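Residue numbers (UniProt numbering), protein chains in the order written: chain A, 1 to 391; chain B, 1 to 297. Virtual Cβ for every residue (Gly too), placed ideally from N, Cα, C. Please read these numbers as outputs of a predicted model, since none were measured by experiment. Worksheet: one structure, shown below.
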Amino acid sequence: MMKSSLKLTAAAAVAAFIATSDIALAEEAGLTDTTIKIGMIGSLTGPAALWGWPTINGAKMVYDDINANGGINGRKIELVIEDSQCQAPLALAAAKKLISRDEVFMLHGGSCSGAILPVRDLVLKEKVPMMVLVATADEIVAQPNGYIYRAFLPGSYDGEIIANFIATSPQLKKVVVVGNTDAVANVRYPKLEESIKANNLEYLGLEPLEVEATDATAQVLKVKSLNPDAVVLVARPEASAVFLKDAAKLGLDVPVFGSTLVDLQDLLERIGDPKPMANMNVVSFYKSTLTEAPMARWVDMLKKYYPDDKVQAAAFYGTSGALAVVEALKRAGPDLSREKMVQALSEIKDMDGGPMACSVTFAADDHEGCKTGSIWGMRDGNITALGDSWK
Amino acid sequence: MEIATLLSVGVSNGCLYGLVGLGLVLVYNAQGIPNFAHGELFMASAFAAYTANILFGLSYALSMLVAIVFAFALGVVVEFLAIRPIAMNRSLGRASTEVAIVLSTVGLMIAIKGLARIPWGDSVRKLPAAFSTETISVGGLVLSTQRLLIIVVAFVLTIAISLFFSKTSLGKKMRATSQNTAGAMLVGINTGHIYSATWGLAAICGGVAGILAAPLIFLYPDMGTRMLLKGFAAACLGGFGSVGGVFVGGLVMGIVEIFFGRYLATSMMDIFAPIIIIVVLLFRPQGLFGSRSAVRV
């Protein structure tokens, strides 16, 4: 009797130990008393490496700064960084490794929409909180989604901002779109066309431009023949620069509005001549140009932690996401869990977006935290923040 | 006026395709190798010009010369280190050797591109145009001076290469080696040197195209990939057996492509080169200017 009672007690104790251990393990993935492990995924090599380290470092500097100031609730942030090369299979493999082998607490990653989109299913299945780094496709964060958040302007919204801006000018009535036809550009077209029409502007159609275009003569001449008042350019930097150069050469003299795929300073450097840029405007994520006061804190932070990095627009694309992660970790408290993290993220309201023009607001059923941007343009040869109406 | 503008751009693009195609044809005729790394020679030469001109501050003309010498040297080194050891390995058998060499060029393509990303991967590069005046106006027609230079250089280089093969001793040895390697060896031609020289010359063709195209496009490690496809299409269209044919093939491609884009669909411009390759291979595999070769069995 005594023996069987002892056996039962031992079995119960073992069962209880196993059960509580499982719970403890599940609750403590990526957490120790002194660290929070976050997995980052970026395009560090390959064709999109241009965006890789600058965007990763723009987020890392926030974590570095937090660590330098004692961490969050007694824990310092430990980063594990993986390369996706902007390819879906590699991004998925990286996410699996980070979740299963490295047992990270959460993910902060995604430089290319096409690459990171397949990671979405894995993240939702494994119930791992994720902050999108710089990928813009709406589908990554679309509902139903309990775990993925984004704290910068999603891809489809810049079309609306551009259309609303064009509509503030009485001279601009007919709009043609020139753009790439890859996944990054394609997510922008439906809302762009819808917004152009909603603003009672005449939509003249979409003129495709190759991502690796080396010449845009055919496109420019075709656009000229349509006689538009404005051109919306939804193209990557290389193709945008080619189009602008050829537009200037062939006398296409109308305002051009670029999406968030391009940055004025970067275009200026690529083209090396301010003339083709005279009509150029872009949607910007940021509060001000990089040389103005609102950006000084972030520029200084980048110089402090990554003095060799170039101060460029791409450097701060991931910063607001890191700020949101830090804010949620603080709010979730020392007794941290993934579910508490998700809840804390969803409760963020009107948080300063750091370098971003928007205030970050999440909700349980809306994980797009940032929905506003502003238009910048070249005025008298200088990059000028124009706001939301034609100047 | 629009027609003239399109024509000027189409001809200059076609000249670039022709030059790249010419480099492919030289290697193919010499050794039967489709060189998939040829686009990387295009890219590497452009970066060499950039390094000489921008980083070392050499004059434009001297920088171009340095880049051309670099292209030749790179072609020779590639042949000597990556192609010849496989070609000389008799134990593989003919079919396996050909496959191994093709795979070697694919490997080279990836390796050169990867190496280029180490110093150049994360910044924007731009090579200035040869002339400070970017455009000239002729009767209201705006012409790019860089595009005019491309046309002139491409014509001159193609004629020079044709004369080189028909008039010079080395050119005749190259032709002899490509027609009958065993026979060439029997009469005392050092075929190893001939192959190196052929790869060097082919690299010059690709390199000159890269140097000329660089001011119109931008310098990045992947810049040769697209041009390789266009060069292959030009070579297929003109015929792999003819220097002049490849050049004309490139011109036809450049002109048809841009008119097609302007008056039919710009969305089709990207797939024009692969369509040309497929159509030519299906209906006239010897190309427009090639002739069918009979093989006695």
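| Item | Value |
| --- | --- |
| Minimum C-alpha distance to Val360 (chain A) - residue among A:Leu153, A:Ala48, A:Ile41 | A:Leu153 |
| Contact list for the region 259 to 274 of chain A against chain B, Cβ threshold 9 Å | Asp266, Glu269, Arg270, Ile271, Gly272, Asp273 |
| Ala184 (chain B) (DSSP reduced to helix, strand or coil) | helix |
| Unbroken beta strand (DSSP E) run spanning Val242 (chain A), endpoints | No beta strand (DSSP E) holds Val242 (chain A); the alpha helix (DSSP H) holding it covers 237 to 249. |
| Proximity test, Cβ basis, 8 Å: Lys249 (chain A) and chain B | yes |
| Partners in chain A for Ile258 (chain B), counting only beta-carbon separations shorter than 7 Å | Thr217, Ala218 |
| Buried or exposed (CB count within 10 angstroms, at least 16 for buried), Gln179 (chain B) | exposed |
| Local conformation of Leu7 (chain B) per DSSP, three classes | helix |
| Close Cβ partners of Leu6 (chain B) (< 7 Å) along its chain, the five nearest in sequence each way excluded | Ile258, Phe259, Arg262 |
| Beta carbon proximity, Thr5 (chain B) to chain A, threshold 8 Å | yes |
| Chain A contacts from the region 217 to 230 of chain B (Cβ-Cβ distance under 9 Å) | Ile217, Phe218, Tyr220, Pro221, Asp222, Met223, Thr225, Arg226, Met227 |
| Contact set for Lys37 (chain A): own chain, Cβ-Cβ below 6 Å, skip 5 residues either direction | Gly30, Glu78, Val104, Phe105 |
| Bridge-paired residues (DSSP) for Leu206 (chain A) | A:Val177 |
| Interface positions of the region 190 to 213 of chain A facing chain B (Cβ-Cβ less than 8 Å), listed along the chain | Glu207, Pro208, Leu209, Glu210, Glu212 |
| Phe164 (chain B) versus B:Val11, B:Gln146, B:Ala67, B:Thr198, residue with shortest Cα-Cα distance | B:Thr198 |
| Chain-ordered neighbours of Glu2 (chain B) on chain A, where CB pairs are closer than 7 Å | Leu221 |
| Within chain A, the residues that Val9 (chain B) reaches when beta carbons sit closer than 7 Å | Asp215, Thr217 |
| Span separating the alpha-carbon of Ala216 (chain A) from that of Phe243 (chain A) | 5 Å |
| According to DSSP, residues forming a beta bridge with Val231 (chain A) | A:Val176, A:Val256 |
| Separation of Ile33 (chain B) from Leu103 (chain B), as counted between CA atoms | 10 Å |
| Residue-level contact to chain A via CB, Met253 (chain B), 8 Å cutoff | no |
| Alpha carbon of Tyr195 (chain B) to alpha carbon of Val77 (chain B), nearest angstrom | 11 Å |
| Contact between the region 248 to 257 of chain A and the region 276 to 284 of chain A (3+ Cβ pairs under 8 Å) | yes |
| Three-state secondary structure assigned by DSSP to Asp33 (chain A) | coil |
| His108 (chain A) in three-state terms, based on DSSP | strand |
| 7 Å Cβ cut-off: residues of chain A touching Gly261 (chain B) | Ala218 |
| Burial state of Glu202 (chain A) (16 or more Cβ within 10 Å) | exposed |
| Residue burial classification, Gln146 (chain B) (beta-carbon count within 10 angstroms, cutoff 16) | buried |
| Between the CA atoms of Gln219 (chain A) and Ile348 (chain A) - distance to the nearest angstrom | 45 Å |
| Beta carbon of Lys330 (chain A) nearer than 8 Å to that of Asn73 (chain A) | yes |
| Proximity winner among A:Leu386, A:Lys371, A:Lys127, A:Glu269, relative to Gly377 (chain A) (alpha-carbon distances) | A:Leu386 |
| Thr384 (chain A) - containing beta strand (DSSP E), residue span | 382 to 387 |
| Burial state of Asp300 (chain A), where buried means 16 or more other Cβ atoms lie within 10 Å | exposed |
| Nearest-angstrom Cβ-Cβ length linking Thr260 (chain A) and Asp182 (chain A), presumed shorter than 8 Å | Not quite, the Cβ-Cβ distance comes to about 15 Å (not below 8 Å), so this is no contact. |
| Where the alpha helix (DSSP H) containing Asn186 (chain A) begins and where it ends | 183 to 186 |
| Residue nearest to Val153 (chain B) in terms of C-alpha spacing, selected from B:Pro285, B:Glu2, B:Leu19, B:Val9 | B:Leu19 |
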